[in-house]
Structure formats: structure tokens, C-alpha cells
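Yeah, the sequence shown ends on 96 if you go by the UniProt record's numbering, and it's all consecutive. Using N, Cα and C, we set each Cβ at its ideal position, and we do this for glycine too. None of these values were measured; they are calculated from a predicted model. Working notes, structure below.
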Amino acid sequence: RPGGTTFYFVNDGPERALEQAREAAGGRDIRIAGGADVIQQYLNLGVIDELEIALAPVLFGGGRRLFENLHEPLPRFRIDKVLDSPTATHLRYVRE
């Protein structure tokens, strides 16, 4: 459908997934959705220009730290936008 979102699930690793996404996008922007593990893989490849993060508090239990297991040097990001909602804080970081 026009203007819709298409999802592709790829199990060949982040490099191949990005290659397929670029082919499918035909020069348009690509969005990668996922948790900490997925984000870390693409940060380590150095291919992330923007990060949009929904930060939701966890009262019980735990979660995975987003910015660990990263290779050096890390690209620098600056906060571009902050939006609060009743259930999460939405953050957008842009690569410098």
C-alpha cells in the first residue's frame, strides 16, 4: 500500500540485512528496529546516523544496557529532540 511500512526479517547478519535494506529502499531512508543487541551491532558497524529511543522505566527485573559491548572509537551523538509521554521518554540522537 502507498506510504506503508514494509518489514524484512533477515538472519544473515547485520551487514547482509543492511545491504538488502539499501537495495529495497532505492535511495530512501532506512530504519532499523530492535533491542539493545541489534542496536549494538549497527553501532559497531558505524552505520547509524540517528537513534530514536523510547526510554521506559523498569520497576522490577532488569534489562540490557544499550551502550555496552561497543567497539572504540564510538561515534559522537547529540540530543536532537526529547518528548515526554505518560509511559516513556522519547529521545532522538543525531550523529555529529
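Exercise for the section: Measure the C-alpha to C-alpha separation of residue 96 and residue 11 and round it to an integer number of angstroms. Expected result: Here residue 96 is taken as the residue at index 96 of the sequence shown, counted from 1. Here residue 11 is taken as the residue at index 11 of the sequence shown, counted from 1. If you take the alpha carbons of residue 96 and residue 11, they lie about 30 Å apart.
Problem - Pairwise C-alpha distance: residue 34 and residue 69 - result: As a position in the sequence shown, residue 69 is number 69, starting the count at 1. As a position in the sequence shown, residue 34 is number 34, starting the count at 1. Taking the straight line from one Cα to the other gives about 16 Å.
Handout entry: Alpha carbon of residue 45 to alpha carbon of residue 74, nearest angstrom
Key = Residue mapping note: residue 45 aligns to position 45 of the sequence shown, counting from 1. Residue mapping note: residue 74 aligns to position 74 of the sequence shown, counting from 1. Computed Cα separation, rounded: 10 Å.
Practice task
Measure from the alpha carbon of residue 86 to the alpha carbon of each residue in 43, 67, 56 and 79, then state which is nearest.
Solution key: The count along the sequence shown starts at 1 and reaches residue 86 at position 86. Of the candidates 43, 67, 56 and 79, the one whose C-alpha sits nearest the C-alpha of residue 86 is 56.
Problem - Coarse secondary structure for residue 58, derived from DSSP in three states - result: Along the sequence shown, read from residue 1 onward, the residue named residue 58 stands at position 58. Correct three-state label for residue 58: coil.
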